[in-house]
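Per our numbering: the sequence shown = residues 163 to 334. C-beta: ideal position from N, C-alpha, C; glycine also. Keep in mind the model is a prediction, meaning the values are calculated, not measured. Here is the structure we will look at, set down as structure tokens.
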Amino acid sequence: MKNEKMIQALNDQVNKEFFSAYLYLAMQAYFSSLNLDGFANYFRVQVQEERDHALGFFNYLTRIGGKATLAGIKEPQNEFSSPQEIFELALKHEQFITQSISDLMDISREIKDHKTEIFLQWYISEQVEEEENMGRVLNKLKLIKGDGAGLFMIDSELAQRLYVPAVIPGAV
Ligand code: FEO
Numbered sequence: 163m164k165n166e167k168m169i170q171a172l173n174d175q176v177n178k179e180f181f182s183a184y185l186y187l188a189m190q191a192y193f194s195s196l197n198l199d200g201f202a203n204y205f206r207v208q209v210q211e212e213r214d215h216a217l218g219f220f221n222y223l224t225r226i227g228g229k230a231t232l233a234g235i236k237e238p239q240n241e242f243s244s245p246q247e248i249f250e251l252a253l254k255h256e257q258f259i260t261q262s263i264s265d266l267m268d269i270s271r272e273i274k275d276h277k278t279e280i281f282l283q284w285y286i287s288e289q290v291e292e293e294e295n296m297g298r299v300l301n302k303l304k305l306i307k308g309d310g311a312g313l314f315m316i317d318s319e320l321a322q323r324l325y326v327p328a329v330i331p332g333a334v
């Protein structure tokens with residue numbers, strides 16, 4: 163079943179996920195400019211994950227016979243005042259994405275589009291992790307209150323983050 167409201171909403175989500183990648187790329191650039199390579203690595207991995215999320219929606223759209231229509235990606239914030247500000251923004255952005263995916267789920271239920279509802283379940287679970295990850299780093303940054311030694315400890319920890327390609331059921 164093709165429902166134009168659902169197709170449009172899925173298309174919008176492709177754009178939102180690519181915007182997420184763009185926003186996090188700007189955050190990566192900020193940390194690279196400060197030589198905080200662990201933080202930069204954290205966002206490098208995050209960018210790759212967001213690309214996977216976007217392509218997941220794109221591939222699903224194609225599979226259900228809905229044409230993906232690519233819109234322009236808006237300019238992200240490029241100037242930041244501190245690592246804490248970045249993680250506050252990143253957490254807020256993830257909460258926005260969670261709401262957006264919940265709205266998609268509401269549409270799929272409203273129109274009884276069960277296959278899209280099942281497809282979206284992966285993303286609903288993923289958003290728990292996305293908010294948790296940003297929130298955990300934010301809490302650590304609040305604890306150290308700008309202390310340099312603490313910042314370098316967090317930087318070393320974030321340098322360990324590895325990219326694992328997402329396997330999204332229904333999107334391959
Ligand atoms: Fe694609 Fe960070 O949610």
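In this structure, how does DSSP classify residue i when only helix, strand and coil are distinguished?
i: Y228; result: Looking at the sequence itself, residue 228 is Gly, so the reference to Tyr does not match. Note: G228 maps to coil in three-state DSSP.
i: K178; result: helix
i: E241; result: coil
i: I235; result: coil
i: R323; result: coil
i: L196; result: coil
i: A333; result: coil
i: D317; result: helix
Between the alpha carbons of residue i and residue j, how many angstroms are there, rounded?
i: E293; j: Q257; result: 7 Å
i: I273; j: M189; result: 38 Å
i: A216; j: K178; result: 8 Å
i: E166; j: D265; result: 15 Å
i: V176; j: S194; result: 27 Å
i: Q239; j: F180; result: 14 Å
i: Y222; j: V334; result: 8 Å
i: I330; j: G200; result: 27 Å
i: K229; j: R323; result: 35 Å
i: W284; j: I269; result: 16 Å
i: Q261; j: G297; result: 16 Å
i: N295; j: G312; result: 18 Å
Could you round the C-beta distance between residue i and residue j to whole angstroms and report it? I think they count as a contact, below 8 Å.
i: F242; j: V299; result: Actually they do not touch by this definition, with Cβ atoms about 14 Å apart.
i: A328; j: G218; result: 7 Å
i: L282; j: I263; result: 6 Å
Going along the chain, which residues of its own chain have a beta-carbon closer than 8 Å to the beta-carbon of residue i, five neighbours each way excluded?
i: Y186; result: F205, Q208, V209, E212, A252
i: G227; result: K164
i: I259; result: K178, E179, S182, Q289, E292
i: D309; result: none
i: T224; result: A230
For residue i, which residues in the same chain have their Cβ closer than 7 Å to its Cβ, ignoring the five residues on either side in sequence?
i: Y192; result: F242, I248
i: R271; result: E279
Among residues of its own chain, excluding the 5 on either side of residue i, which ones have a beta-carbon nearer than 6 Å to its beta-carbon?
i: L305; result: none
Checklist entry - Any contact of the stretch 166 to 181 with the stretch 271 to 289, i.e. 3+ C-beta pairs under 8 Å? => result Touching, yes, given that three or more Cβ pairs across the two stretches are closer than 8 Å.
Item to check | Given 8 Å, three or more beta-carbon pairs between the stretch 305 to 317 and the stretch 187 to 207 | outcome: The stretch 305 to 317 makes contact with the stretch 187 to 207: 3 or more CB pairs, one atom from each, lie closer than 8 Å.
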